[in-house]
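Working notes for the structure below.
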Amino acid sequence: MKLNFFNMYMIEKKKISQFFLLFLLILMNRLAIPGFTSLSVSIILIIFFIILSSAKNEVSIDKRNLIFYLIMLSFLFLSTVVSMFISVYTTTFLGVFLAFVIYTLILFDFKVKFAKDIVLNVFFIFILLGLFQYSIYQIFGNFWDLSSVVNSDFLVQGYNTSDGNEYMEKRTNGFVFLEPSFFSQFIALYIILEYSFFGFKRFLRVGIALIVLLLAASGTGPMLLIFYSIVHTVLKRNFKMLSLFLTIALLLPILFKLGLTFVPDFMGYLLERLGEFSLGGDNSFNYRFILPYSSAYEFLSNSNYLTFLFGNGPLTTAEINTRNWNSDANFSTLLVSIFEYGLFFTLFYIFYLYRISSKVFYKDLQLSVLFMFFVLSGAFYQNYTIILLWILCKVIDFNNKVG
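Under the working numbering, residues 20 to 422 are what the sequence shown spells out, in order.
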């Protein structure tokens, strides 16, 4: 009896420590090391976790993953050296260091996994925090996030943390996220995981998450949900999901009419965002999904073979854009990889991330996460996206999955 009590105590203690680790990773993702604002404090926490787990002999490395990692790393360094001689742009070796650190983190596997309910509970707490943040703003007119209580010298720099427009002066960023778009993707991932694990049985949670997704007012989260829904429907031949799509499509006119009646300002904003799904124009869809790829095609077509194969050097994308187009284009992870490190590196970079994720997820979830990583964000050096990838690929217990 005493032994059972002790075992239960140790299990509960481990669950509590796992909960707080995940909570701190997300809470501190925007905090930076003083004087080194490109590296999140959360990355340091993961490094400490790897060291502690190694000391307990709870870490392993998949041999095939290691092979892809070493080949990718070789091309990372080779491309950097070659670019020193062929590039006409200013290379910054900080980029190589950042890439080495963040992509090494996801190489390690852990014997001890975190219960999926713990992960979802942590995610949901931050979704509630986003709802609370927006409610406080609406009631009192004060918009509070991490920058309200932490000096900017201690925050990761270079992001629009809570920008708005004429319809929504402020968009919720969940208090701790770099941008509303990151928070939007975070919420979409939560909804996808909730469905994968529990099949929407906890409908109240999903409903709250959808409301906060609207308050984040970013297109990337809904796009991730749509992508997952299509892939899931095709791969699983899920006719329930297909009927859900048809039901929503039939209800859209009614929902639209109710929205115009009760929340006209928000519906105006929504219509404005929907109007962005067009070719060209001064809108975020063009800057994120059209202009970067047309610019990349033009640039790569005019590049010599060495530059195409080995890139222009680390952290040169911004200068390439300024000197060639001076546009507001938001280059995706895939384009940043090709621009800076070339085709050889990019191929093994894709293989490495595909391999890392393929052992963990169902195919529909894997493709959705890779779509978010490669297409929806310029996440090549973004600590936050790697932190999410680490949580999803390395520590969630995906055994006995539902869905």
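The beta-carbon is built from N, C-alpha and C at its ideal position, and this holds for glycine as well.
Assigned exposure category for residue i - 16 Cβ within 10 Å defines buried
| i | result |
| --- | --- |
| S154 | exposed |
| E317 | exposed |
| M103 | exposed |
| A337 | exposed |
| I158 | exposed |
| K189 | buried |
| L85 | exposed |
| S106 | buried |
| Y373 | exposed |
| V414 | buried |
| Y324 | exposed |
| F222 | exposed |
Assigned secondary structure, residue i (DSSP; H/G/I helix, E/B strand, else coil)
| i | result |
| --- | --- |
| I52 | strand |
| V250 | helix |
| S59 | strand |
| D128 | strand |
| L174 | strand |
| V107 | coil |
| F87 | helix |
| S351 | coil |
| S93 | helix |
| V78 | strand |
| F162 | coil |
| F399 | coil |
| F202 | helix |
| L362 | helix |
| F308 | helix |
| F370 | helix |
beta-carbon residue i near the ligand GDP non-hydrogen atom, thresh 6 Å
| i | result |
| --- | --- |
| N331 | Ligands displayed in this structure: none; no statement on the ligand GDP is therefore possible. |
Beta-carbon contacts of residue i that lie in its chain and below 6 Å, excluding the five residues immediately before and after
| i | result |
| --- | --- |
| K32 | none |
| A398 | T352, F392 and T404 |
| L244 | A207 |
| Y156 | F162 and K189 |
| L58 | I52 |
| A315 | L354 |
Residues of its chain near residue i, where Cβ-Cβ distance is below 7 Å and the 5 sequence neighbours each way are ignored
| i | result |
| --- | --- |
| M242 | L395 |
| D172 | P53 |
| R307 | N349 |
| V247 | With the sequence shown as reference, residue 247 is identified as Tyr, and Val is not the correct amino acid for it. Hits under 7 Å: I211, D383 and S387. |
Own chain residues within Cβ distance below 8 Å of residue i, not counting five before or after
| i | result |
| --- | --- |
| M27 | Model confidence at M27 stands at a pLDDT of 47, short of 50, so the residue's coordinates are unreliable; what they give is reported in the following sentence. Cβ neighbours of M27 beyond the five flanking positions: none. |
| I210 | V225, A228, L229, L232 and L244 |
| I62 | V120, I121, L124, N402, I405 and I406 |
| F42 | V141 and I144 |
| K135 | L212, F216, I415, D416 and F417 |
* **Segment contact, 8 Å Cβ cut-off, at least three pairs: the stretch 68 to 81 with the stretch 123 to 140** => yes
* To do: Answer yes if the stretch 140 to 150 comes into contact with the stretch 199 to 215, meaning at least three C-beta pairs across the two stretches below 8 Å, and no otherwise.
  => yes
* Please list the segments of the alpha helix (DSSP H) lying wholly inside the stretch 204 to 251, counting only runs of 4 or more residues, in order along the chain. => 222 to 235
* Can you find at least 3 beta carbon pairs, one from the stretch 45 to 65 and one from the stretch 90 to 104, that sit closer than 8 Å? -> no
* **Inter-stretch contact at 8 Å, needing at least 3 Cβ pairs: the stretch 371 to 378 / the stretch 331 to 350** => no
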